[in-house]
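To keep things clear, I will list the structure first and then write my remarks on it.
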Amino acid sequence: QVKKRVFSGIQPTGNIHLGNYLGAIRNWVGAQDQYDNIFCIVDLHAITLPINAKELHQNTRKLAALYLACGLDTRYCNLFVQSHVHEHAEMSWIMNCYTPMGWLNRMTQFKTKADENPESVNTGLYCYPVLMACDILLYQTHYVPVGDDQRQHVEITRDIAQRFNSLYKKRVFTLPEAQIRDTGARIMSLENPSKKMSKSDPNPASRINLLDEPKVIKQKIARATTDSLRLVAFDPERPGITNLLTIYQMLTGQPEQEIEAEFAGKGYGDFKAALTDRLVATLEPIQRRYNEYINDMVSLEGILKQGADRVRPQATATLNRVKEVIGL
Ligand code: ADP
Ligand code: NA
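Taking the numbering used here, the leading residue of the sequence shown gets 3, the next gets one more, and so forth.
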């Protein structure tokens with residue numbers, strides 16, 4: 003039984019927060035040996051919006067170090083940088099010529115990002131879904147783990163692949179499927195628990211970043227929104243304390259009743275102190291490993307180069323097949 007191939011694109015933008023970790027990264031780290039995983043740090047996608055050169059270069063390395071620190075194991079996973087495998091860019095030009103403009107006009111993410119950055123809308127931002135389709139199709143991917151907001155991208159990838167296959171009456175591309183993983187609970191903003199914790203939230207105190215120091219974690223949890231009831235219990239009517247309890251539960255693995263019993267008769271202060279301790283204990287080893295990777299850039303570059311070397315033959319094979327079919 004050959005393992006199914008899973009492709010994940012990772013944006014080299016800033017930091018990773020607790021929501022990303024508990025909702026996504028921790029889950030796939032736990033299941034990584036079940037699949038043939040490809041993790042691609044998508045720096046070619048990052049340049050569709052204005053980004054400082056040094057920052058882009060550093061973010062790419064930081065993100066690789068952070069994923070490795072979270073437990074990504076290169077025995078099961080291929081981790082590489084998109085621009086290191088030039089087949090992505092080459093294939094992207096070719097597939098631009100096989101993607102009707104009408105399909106791109108319908109992509110909602112372009113509209114959102116263009117509205118947010120009216121000064122800097124470029125052609126790359128518009129063609130972004132084609133590059134993303136190529137990322138996936140180059141590796142004959144079976145599954146693409148996505149959130150709801152990314153479903154449309156997997157759909158257009160399938161459409162592009164299907165159109166090409168039927169145009170040339172050949173199965174050049176595997177049709178990928180969106181994999182909606184069971185993410186468990188959604189972690190909410192510490193400031194406003196009706197919104198999810200997100201890297202795009204303008205208030206940095208609304209999220210715990212994986213690289214936050216213990217002192218910062220303590221401050222953020224201390225300031226986290228609760229209510230005046232002073233009752234440490236899960237209650238959908240009280241989203242603030244429930245969110246903190248959910249985080250605690252995901253860190254400890256305890257059932258709800260056990261946690262409520264533990265804090266019966268105690269105040270939010272006691273609970274927040276216990277939550278802070280758990281968070282620090284979970285993040286400390288990740289931060290220690292992160293520092294080891296980031297302070298040994300030669301080894302880190304070596305890991306990324308090896309990752310690119312490992313995936314490149316498949317990318318080359320797909321691209322060569324495409325060129326042959328087209329007549330290039
Ligand atoms: P962000 O909202 O911070 O931009 P992304 O959209 O880049 O995060 O999501 C990356 C991954 O992390 C996705 O798999 C998503 O489902 C997961 N994720 C993001 N935010 C949360 C959250 N608050 N709770 C649970 N999972 C989350
Ligand atoms: Na997002």
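A virtual CB, placed ideally from N, CA and C, is assigned to each residue, including glycine.
Here isoleucine 243 is not near isoleucine 189, since their CB atoms are 8 Å or more apart. Around the beta-carbon of tryptophan 30, 16 or more other beta-carbon atoms lie within 10 Å, marking it buried. If one requires a minimum length of 3 residues, the beta strand (DSSP E) runs lying completely within the segment 101-170 are 145-147, in chain order.
Nearest to isoleucine 12 by alpha-carbon distance, out of Asn297, Asn119, Thr320, Ser85, is Ser85. For isoleucine 249, the enclosing alpha helix (DSSP H) begins and ends at 241-254. Under DSSP, no beta-bridge partner is assigned to methionine 93.
In the DSSP assignment, methionine 190 forms a beta bridge with Lys198. In the DSSP assignment, the residues bridged to aspartate 38 are Arg7. For valine 300, the enclosing alpha helix (DSSP H) begins and ends at 299-328.
Taking a contact as a CB-CB distance under 8 Å, the pair leucine 247 and threonine 284 does not count as one, their CB atoms being some 16 Å apart. In this structure, DSSP gives phenylalanine 82 an extended state, which the three-state scheme calls strand. Excluding the 5 residues flanking it on each side, isoleucine 288 has same chain C-beta neighbours closer than 7 Å at Ala71, Cys72, Leu212, in chain order. Here the distance from the Cβ of isoleucine 189 to the nearest heavy atom of the ligand ADP is below 7 Å. Of the heavy atoms belonging to the ligand ADP, at least one sits nearer than 7 Å to the Cβ of methionine 199. Between isoleucine 27 and asparagine 80, the C-beta gap is not smaller than 8 Å, which leaves the two residues out of contact.
In terms of side-chain proximity, the C-beta atom of leucine 24 is found nearer than 7 Å to a non-hydrogen atom of the ligand ADP.
Per DSSP, reduced to three states, the secondary structure at histidine 19 is strand. A direct Cα-Cα distance of roughly 23 Å separates asparagine 17 from aspartate 137. Boundaries of the beta strand (DSSP E) harbouring glutamate 179: 179-181, taken from the DSSP string. Classified as buried, aspartate 45 has 16 or more neighbouring CB atoms from the shown chains inside 10 Å of its CB. Three or more pairs of CB atoms, one per stretch, sit closer than 8 Å, so the segment 295-309 contacts the segment 51-68. In this structure, threonine 320 lies near leucine 140, with their beta-carbon atoms less than 8 Å apart.
Only exposed fits glycine 271, as fewer than 16 other CB atoms lie within 10 angstroms of its CB. A distance below 6 Å between beta-carbons, with the five flanking residues on each side excluded, links valine 123 to the following residues of its chain, in chain order: Ala116. The three-state secondary structure of asparagine 54, taken from DSSP, is coil. Just measuring C-alpha positions, the residue of Arg323, Val4, Leu20, Pro216 sitting nearest phenylalanine 175 is Arg323. Taking 7 Å as the cut-off, one finds at least one heavy atom of the ligand ADP near enough to the beta carbon of serine 202. Counting of Cβ neighbours within 10 angstroms places arginine 108 among the exposed residues, the total staying below 16. Bridge pairing for asparagine 211: His19 [DSSP]. Note on geometry: alpha-carbon atoms of valine 218 and isoleucine 210 lie some 9 Å from one another.
If you check the CB distance, phenylalanine 236 and valine 146 do not come in under 8 Å.
For isoleucine 53, the closest of Lys5, Gly104, Asn119 by C-alpha to C-alpha distance is Asn119.
Burial state of threonine 114 is exposed, judged by a 10 Å Cβ sphere holding fewer than 16 other Cβ atoms. By the criterion of a C-beta distance shorter than 7 Å, asparagine 205 is surrounded in its chain by Glu193, once the five residues flanking it on both sides are discounted.
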